[in-house]
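What follows is one structure encoded as structure tokens, with my remarks underneath.
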Amino acid sequence: MKLPVLLALAASLAVAACQPQVSRPPCPPGKTCLAWGNNTEAGSLDPQKASMVDEFAIIGDLYTGLFTDGPDASPTPALAESWTTSPDGLTWTFRLRPSKWTDGRPVTAEDFVFAYRRILDPATASSYAYLLYLLENGEAVNEVRAGPETLGVRALDPLTLQLKLEHPAPYLPALLKHHSFFPVPAHALKAHGDAWTRPENFVGNGAFRLVDWKLGDHIRVVKNPEFFDAASVCVDQIDYFPTPDSVMAERRVARGELDLNTNFQSSRVQRLRETLPGHVRTYPALATSYIALNTAGVPAFRDIRVRRALSMGLDRDFITGKLMRAGQKPAYSFVPPATAGHGEGVGLRWAGMPFAARQAEAKRLLAEAGYGPGNPLSVEIKVGNSPDNLLLSQAVAADWTALGLKVSTVQNEGQIAFAAYRQKDFQVGMMSWYADFNDPLTFLGLFRSDTGQQNYSGYANPRYDALLDQADLEPDAGRRARLLAQAEQLLLDEEGILPVFQVVSRALVSPRVSGWTDNVENFHRARWVCVKPEARG
Numbered sequence: 379m380k381l382p383v384l385l386a387l388a389a390s391l392a393v394a395a396c397q398p399q400v401s402r403p404p405c406p407p408g409k410t411c412l413a414w415g416n417n418t419e420a421g422s423l424d425p426q427k428a429s430m431v432d433e434f435a436i437i438g439d440l441y442t443g444l445f446t447d448g449p450d451a452s453p454t455p456a457l458a459e460s461w462t463t464s465p466d467g468l469t470w471t472f473r474l475r476p477s478k479w480t481d482g483r484p485v486t487a488e489d490f491v492f493a494y495r496r497i498l499d500p501a502t503a504s505s506y507a508y509l510l511y512l513l514e515n516g517e518a519v520n521e522v523r524a525g526p527e528t529l530g531v532r533a534l535d536p537l538t539l540q541l542k543l544e545h546p547a548p549y550l551p552a553l554l555k556h557h558s559f560f561p562v563p564a565h566a567l568k569a570h571g572d573a574w575t576r577p578e579n580f581v582g583n584g585a586f587r588l589v590d591w592k593l594g595d596h597i598r599v600v601k602n603p604e605f606f607d608a609a610s611v612c613v614d615q616i617d618y619f620p621t622p623d624s625v626m627a628e629r630r631v632a633r634g635e636l637d638l639n640t641n642f643q644s645s646r647v648q649r650l651r652e653t654l655p656g657h658v659r660t661y662p663a664l665a666t667s668y669i670a671l672n673t674a675g676v677p678a679f680r681d682i683r684v685r686r687a688l689s690m691g692l693d694r695d696f697i698t699g700k701l702m703r704a705g706q707k708p709a710y711s712f713v714p715p716a717t718a719g720h721g722e723g724v725g726l727r728w729a730g731m732p733f734a735a736r737q738a739e740a741k742r743l744l745a746e747a748g749y750g751p752g753n754p755l756s757v758e759i760k761v762g763n764s765p766d767n768l769l770l771s772q773a774v775a776a777d778w779t780a781l782g783l784k785v786s787t788v789q790n791e792g793q794i795a796f797a798a799y800r801q802k803d804f805q806v807g808m809m810s811w812y813a814d815f816n817d818p819l820t821f822l823g824l825f826r827s828d829t830g831q832q833n834y835s836g837y838a839n840p841r842y843d844a845l846l847d848q849a850d851l852e853p854d855a856g857r858r859a860r861l862l863a864q865a866e867q868l869l870l871d872e873e874g875i876l877p878v879f880q881v882v883s884r885a886l887v888s889p890r891v892s893g894w895t896d897n898v899e900n901f902h903r904a905r906w907v908c909v910k911p912e913a914r915g
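Right, dumping it as structure tokens:
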């Protein structure tokens, strides 16, 4: 049943061998340059329109907010010089450090006001607008039930920003380092519209500024002399390369054309430890790989018996132990156990059944739902074209074929696949969710009925929403954790999504690169990274 997977692996290696070689770009004399492999092509460098982890890797270097990721991804003050919180936890007042945009104009509290109103404007169509529902009237503004001036954000003076929240949020500093809370330059948007992030128009406030963007080739940034901490930034120039072919990327690392690549094919981990000693980084991630079933577009998926059968029929032990092989663990819950404030005892209630028994029960459920040899359920898996995704999709297809389904697979470039997921133009989608901040809410908030585009499966249950609402208003950390655990258990009991495995972050980092710190959130700001002298030029 697993033979097609092995054939796919051989095919992917053969294709990789035929790919053209790309040499390392020249480094200006006397400068420190970094060649960074970044998985996929960026679709947007607008912090309010981007939605992919690989976009954030670049955006987090081009802009900064009140907080940023420290070397270990912990919330580290950036533009927030100091702050106070009201006794009820609802009002946060930030004193901004003096800083400038790359065009020399000052960054002010009004830039935050403009940004937060813009991301909640339906015309912006931000998939992350729901994160700002935390602000007073955030949801009402996004739904045009209230004017933007009612939003809980105020510029008290040019360097004083006040946020008013709908409910207490002790995790706010962790949330504020997310790109959806970054300021944007109102003057640049007014001058250039959506073209403001093109190199010739670019205005940012991060450690680096954009100077070149060739689609399918590279994005180049250089050190920003206007950055408030420019003296501590080591690297002068970074070239970010899309590297969807991870086997070719590892060859480029081996040849010195890339200093690092933020992924590698999971099943090659042992080989890479032998061929690239000192380069391999693997570490647990706050991320879960899962399958979304489009309940809006496929009537069969509205039947819990079908959803449960498809989940029970996944051989997670084979997927993690034989395919992935880099330390991934089977997932029977959605929130990773290492997440701060994660409740105990949550999981799929049938997880303890032997796989053969699960398969038998899955077939019974499908038959009960009306699907069998005379009426097989046909499903299409739409998947991004990374090697790991292709391996996983074929393993899933083999497992479901064993249940009697007719399964086809469609491969798309990663950005195209996720655009289809957001538009609900798919039947079965395969994705991983990486925490935007270290709290269960970053996972569970996906499945609120009002989340929008990123609730790919279309799960909606008023009881689930109510539990999250109760958790938002609960000041006691222990009780809050239990409410969030109840919500997660409800999601799992209703087979709202199909968790597959707990993700392990993987990177190839040259020993010449310093400052790269393995961390569970897998965020790495380039301002903390340096390159040893022998790698320069």
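In my numbering, the protein residues as written are 379 to 915.
Glycine is no exception: its CB is placed at the ideal position from the N, C-alpha and C atoms.
Within a 10 Å sphere around the beta-carbon of residue 409 sit fewer than 16 other beta-carbons, which makes this residue exposed.
Counted as a single uninterrupted DSSP element, the alpha helix (DSSP H) harbouring residue 820 occupies residues 819 to 822. In the DSSP assignment, residue 598 forms a beta bridge with 590, 617. Ranked by Cα distance from residue 589, the first of 614, 583, 599, 582 is 599. Taking residue 454 as the centre and dropping the five residues before and after it, the same chain places the C-beta of 445, 446, 447, 448, 555 closer than 8 Å to its C-beta, in chain order.
CA-to-CA, the gap between residue 894 and residue 656 works out to about 13 Å. In chain order, 724, 725 place their CB closer than 6 Å to the CB of residue 711, counting only its own chain and leaving out the 5 sequence neighbours on each side.
Annotation: residue 843 to residue 469 spans about 24 Å, alpha carbon to alpha carbon. In the three-state DSSP reduction, residue 527 falls in the helix class (H, G or I). Residue 500 and residue 422 have their C-alpha atoms roughly 18 Å apart. When C-alpha distances from residue 665 are compared across 574, 575, 897, the shortest belongs to 897. Looking at 577, 580, 592, 761, the one whose alpha-carbon comes closest to that of residue 667 is 761. As summarised for the segment 633 to 706, the continuous beta strand (DSSP E) elements at least 3 residues long and confined to that stretch are 658 to 671, given in chain order. Excluding the 5 residues flanking it on each side, residue 702 has same chain C-beta neighbours closer than 6 Å at 644, in chain order. Here the C-alpha atom of residue 633 lies approximately 39 Å from the C-alpha atom of residue 478.
When only Cα atoms are considered, residue 865 and residue 402 end up about 49 Å apart. Assignment of residue 717 by DSSP, reduced to helix, strand and coil, places it in the coil class.
Excluding sequence positions up to five before and after residue 834, its CB lies within less than 6 Å of the CB of 670, 799, 807, all in the same chain and listed in chain order. By the Cβ test, the segment 675 to 684 is not in contact with the segment 772 to 779, since fewer than three Cβ pairs between them sit closer than 8 Å.
Under DSSP, the beta-bridge partners assigned to residue 411 are 615. In the three-state scheme derived from DSSP, where H, G and I count as helix and E and B as strand, residue 829 is classed as coil.
Assigned with DSSP and collapsed to three states, residue 483 falls in coil, not helix or strand. For residue 779, the enclosing alpha helix (DSSP H) has its first and last residue at 765 to 780.
In the structure shown, residue 806 falls within a strand segment according to DSSP collapsed to helix, strand and coil. The three-state reading of DSSP puts residue 812 in strand, counting E and B together. Here the alpha carbons of residue 876 and residue 682 stand approximately 12 Å from one another. Counting along the chain, residue 860 sits inside the alpha helix (DSSP H) bounded by residues 855 to 871. The shortest C-alpha to C-alpha distance from residue 516 to any of 504, 498, 532 is the one to 498. For residue 758, the enclosing beta strand (DSSP E) stretches over residues 756 to 762.
DSSP lists 909 as the bridge partner or partners of residue 891. Taken through DSSP and simplified to helix, strand or coil, residue 424 comes out as coil.
Judged by DSSP secondary structure, residue 459 falls within the beta strand (DSSP E) whose first and last residues are 458 to 463. In this structure, DSSP gives residue 580 a state outside helix and strand, which the three-state scheme calls coil. Per DSSP, residue 801 lies in no beta strand (DSSP E) and is assigned neither H nor E.
Between the C-alpha atoms of residue 456 and residue 812 there is a straight-line separation of about 22 Å. It is roughly 45 Å from the alpha-carbon of residue 899 to the alpha-carbon of residue 751.
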